[in-house]
Amino acid sequence: MELRAELLKSIWYAFTSLDVEKSGKVSKSQLKVLSHNLYTALNIPHDPVALEDHFRDDDDGPVSNQGYMPYLNKFILDKVVEGTFVKENVDEFCWTLSAKKNYRPKNSVDVLPDKDAFHLWCLFNFLSEDDYPLVLVPEEVEYLLKKICIAMSVELSCVDVEDFISQEAVQQSGITVWAFLDFVNTGRLTRGMEKDSVTMAIDEVYQEIAGNIIKQGYLWKKGHLRRNWNERWFSLQPSTLHYYVSEDRKECKGCIELGHNCCVEVLPEKEGKRCMFCVKTLTKTYEMSAPDTKQRQEWTTAIQTAIRLCVEGKKSLHKDLKLRRREQREERERRRTAKEEELQSLRLLQGERESKLAELELLQDAQKQAQTALLQEEQKRRQQHVELQRTLQEQLQQAEEARASIQAEMALKEVETERQRRRIRELEVMQLRLEEALHQEMRARQDEEVYCLAQARLLVEEEEKMKALLALQEEQEQYILKTQREKQELRQEMVTKSQALEEAQHQLEKVRASRHRMDQDIAAAQRKLRHASTSVKHWNIQVNRLTHPNGPREDPLLEAQGSQLCLCPP
11 MELRAELLKS IWYAFTSLDV EKSGKVSKSQ LKVLSHNLYT ALNIPHDPVA LEDHFRDDDD
71 GPVSNQGYMP YLNKFILDKV VEGTFVKENV DEFCWTLSAK KNYRPKNSVD VLPDKDAFHL
131 WCLFNFLSED DYPLVLVPEE VEYLLKKICI AMSVELSCVD VEDFISQEAV QQSGITVWAF
191 LDFVNTGRLT RGMEKDSVTM AIDEVYQEIA GNIIKQGYLW KKGHLRRNWN ERWFSLQPST
251 LHYYVSEDRK ECKGCIELGH NCCVEVLPEK EGKRCMFCVK TLTKTYEMSA PDTKQRQEWT
311 TAIQTAIRLC VEGKKSLHKD LKLRRREQRE ERERRRTAKE EELQSLRLLQ GERESKLAEL
371 ELLQDAQKQA QTALLQEEQK RRQQHVELQR TLQEQLQQAE EARASIQAEM ALKEVETERQ
431 RRRIRELEVM QLRLEEALHQ EMRARQDEEV YCLAQARLLV EEEEKMKALL ALQEEQEQYI
491 LKTQREKQEL RQEMVTKSQA LEEAQHQLEK VRASRHRMDQ DIAAAQRKLR HASTSVKHWN
551 IQVNRLTHPN GPREDPLLEA QGSQLCLCPP
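What follows is the structure in C-alpha cells.
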C-alpha cells in the first residue's frame, strides 16, 4: 500500500500536466501514451487493448481523473511487483511531464540544475500527505529546508522562511511543489554557496530520505579470512548494512543482515586501531573502526536505530519520523482546540463573574441608600430632639409649677432616645456582619471555582492514565501470548531433535555391530590364509624332495615367497 501511494503521487502530477485546459479531463490518446510509458517504467507487460476495452462504452471525449483511476488500479498498479522496477525511473518520467508545464524558474542566475530540482520534487512528494492536490504543511517545509542547510553546513535563515510561510495562500491551503521550487530558486536559501555544494547537499538529503539510507560514509573494516584492515564505503538501511569499495557504490563487497539477533558494541583499542566497534550477528562478528569518537557514536546510534526499525517491522526511518511529526501536529492541534475551549469556558466564567460583580455593586448601592436613609432619619431625630429640648426649656420658663411633670416627661424621652441609639448601634453591627458574610460568600465561590477546575484536571489526567494502563495491559497480554507460542515451538523443536538423536544413536549401534562382525570375518580369513600358506610351503618341500632325491638345498626364493604369503594380511 505504501508503494502504491507513492506511485500515485507521481502519476497524479503526470496526469494533471496533461490537462492543459485545467478542466480535470485528459484525452484518450494522451492517456494511451501515459499508460504505455507507465507499463515500460514499471516493467509490466503491455496491454494496448485494455484501455479501449475499459472505455468502450464512453464517448470519444476526454477522461477525468476519477474515470482513469479504475483502469490505473486494475491494469497497472495491481500488476506492480516491488523490486522488479526502479522507482526513480517512474519519478523521473512523471517529473519530465509535469516540469515542462509547471516548472518555470524566474531567476536565471540562481536556477537549480534539473537534477537538483527533480530530487527536491521527489523529497516534496515523500513528505507530502496522501491528500490531493498534493501540498506540504509549513512545518514539513521548514524541516526539509533545515535538512538541506545542515547538509550544506549553514544556518537556516528563519526570517526568509517565515516570510515565505507567513503568506496568506500558504497558511490557508499549504505549499505546492512549484511554489517551493520557486522559493529555493530565489537564492535566499543558498546565498553565498557554490552550486556544487548545493547539489551535493540536495543529493545527500535525497539519498537519506528518498533512498532510505540512514547513514553512509567511510569506515575501516577487518577482513574475516586474511584478517587485514580495508577502508570501505558503508551504506546503512533499516534492515541491511552494505559495504562497497568506494562511494560510487559500483562494487559491493558484502552485506550485513540486521535483525533482532544483532547488536552493536564498542571495542577497546587494538592492533593500532582507535574508535573501534563491532556488529554481532548469529554467525559472524564484524569489526570496524571509525575516524573519531564522534563518528563512532553516530554509527553505533544509527545501527541501533536500524535494528530497532527492523525489529518493529518498519521499512523506512523517515516514514516513521514523518508519522511521528504528523502525530505531534495533530496533538498540538488537539491541545490548541482544548486551550481554545478552555479559554471559551474562562470567558464564560468571566462573564458570570462580571454579572455577579454587577449584582454585588447593586447590593452595595442598596446598602449605601439604606445608610443614607438611616442618616436622614438620625438627622430628623436630632432635629426633633433639639425642638423638643427648646419646647421643654420654654415650658420650664413658662411654668415652674409644672416642673415635676415636665421632668418625668423628659426622663421618658431620654429613655426613648437611649432605646433608639441602641437600635442604631444594633443596625450598624448587623451591617458589619452582612458585609463580612458577603465577603465570605465571595471567597467561598472563588474557592469552589478553583476546586472545580482542579477536579476537572484530575479527571482528565485519571482518564489518560486509565487509557495508558489499558494499552499497557493489552501489550502485556499480547507479549505473554507471543512468549507462550515461542515456548511451545521450542518444546516441539526439542522433542524433534531428541527423537532425531535417539534415531542417530540407534544407527550408530547398528554400525558398531556391523563393524564387529566384519572384524570377526577378517580374522577368520587371516587364519585361513595362514593355514593355506603353511600347506603351500609343505607341498613345495615335498616337490623338491621328489625332484632332487640326493637332498638338494631348498630354493631360498620359494622360502621367501612362503614367508611373505604367511605374513601378508588378508
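For the sequence shown, my numbering assigns the number 11 to the initial residue and increments by one for each residue that follows.
From the three backbone atoms N, C-alpha and C, an ideal C-beta is built for every residue, glycine too.
**Report entry** Inter-stretch contact at 8 angstroms, needing at least 3 Cβ pairs: the region 195-207 / the region 305-316
**Finding:** no
Query raised in the report: To which residues does DSSP link ILE158 through a beta bridge?
Result: None; ILE158 has no bridge partner.
Requested in this report: Could you please give me the residues that DSSP links to HIS270 through a beta bridge?
Outcome: In DSSP, HIS270 forms no bridge with anything.
**Report entry** LEU500 - containing beta strand (DSSP E), residue span
**Finding:** Unbroken run through LEU500 is the alpha helix (DSSP H), 413-557; no beta strand (DSSP E).
Requested in this report: Can you check DSSP and say which residues form a bridge with ARG242?
Outcome: LEU229
Requested in this report: Could you tell me the distance, in whole angstroms, from the CA atom of LYS97 to the CA atom of LEU52?
Outcome: 8 angstroms
Query raised in the report: In chain order, what residues of the same chain have a beta carbon less than 7 angstroms from the beta carbon of GLY184, not counting five sequence neighbours either side?
Result: VAL145, LEU146, VAL147
Report task. Go ahead and label ALA24 buried or exposed: buried means 16 or more other beta carbons lie within 10 angstroms of its beta carbon, across all protein chains shown. Result -> The residue is buried, with at least 16 neighbouring Cβ atoms inside 10 Å.
Report task. Determine the DSSP secondary structure at MET286, reduced to helix, strand or coil. Result -> strand
Requested in this report: Would you kindly work out how many angstroms separate the C-alpha atoms of ASP63 and PRO55, rounded to a whole number?
Outcome: 17 angstroms
Report task. Report the rounded CA-to-CA distance for CYS320 versus GLY269, giving the unit in angstroms. Result -> 6 angstroms
Report task. Tell whether a beta-carbon distance below 8 angstroms holds between LEU191 and LEU251. Result -> no
Query raised in the report: Can you name the start and end residues of the alpha helix (DSSP H) that LEU331 belongs to?
Result: 327-408
Report task. Express the C-alpha separation of LEU518 and GLY572 in angstroms, rounding to a whole number. Result -> A caution first: GLY572 carries a pLDDT of 45, below 50, which makes its placement in the model too unreliable to give a value.
**Report entry** Cut-off 7 angstroms between Cβ atoms - residues of its own chain near LYS232, not counting five sequence neighbours on either side
**Finding:** These residues qualify, in order along the chain: TRP239, GLU297.
Requested in this report: Tell me whether HIS234 is buried or exposed, calling it buried when 16 or more other Cβ atoms sit within 10 Å of its Cβ.
Outcome: exposed
Query raised in the report: Which runs of the alpha helix (DSSP H) fall wholly inside the region 113-138 and span at least 4 residues, in chain order?
Result: 124-137
Report task. Note down the Cα distance separating LEU229 from SER163, rounded to an integer number of angstroms. Result -> 22 angstroms
Query raised in the report: In chain order, what residues of the same chain have a beta carbon less than 6 angstroms from the beta carbon of ASP256, not counting five sequence neighbours either side?
Result: Sequence inspection shows Ser at residue 256; the Asp mentioned does not correspond to that position. So the list reads TRP243, once near-sequence residues are dropped.
Requested in this report: For the beta strand (DSSP E) holding TYR296, just list the boundary residues, first then last.
Outcome: 295-299
Report task. Using only alpha-carbon positions, find the residue among TYR489, ASP330, LEU384, CYS462 that is nearest to GLU438. Result -> LEU384
Query raised in the report: Is the CB-CB distance between ILE224 and ALA316 below 8 angstroms?
Result: ILE224 is a Cβ neighbour of ALA316, given a cutoff of 8 angstroms.
Requested in this report: Flag this pair as touching only if the region 344-352 and the region 274-289 have three or more C-beta atom pairs under 8 angstroms; answer yes or no.
Outcome: no
Query raised in the report: Counting pairs of Cβ atoms below 8 angstroms between the region 15-34 and the region 104-112, do you hit three or more?
Result: yes
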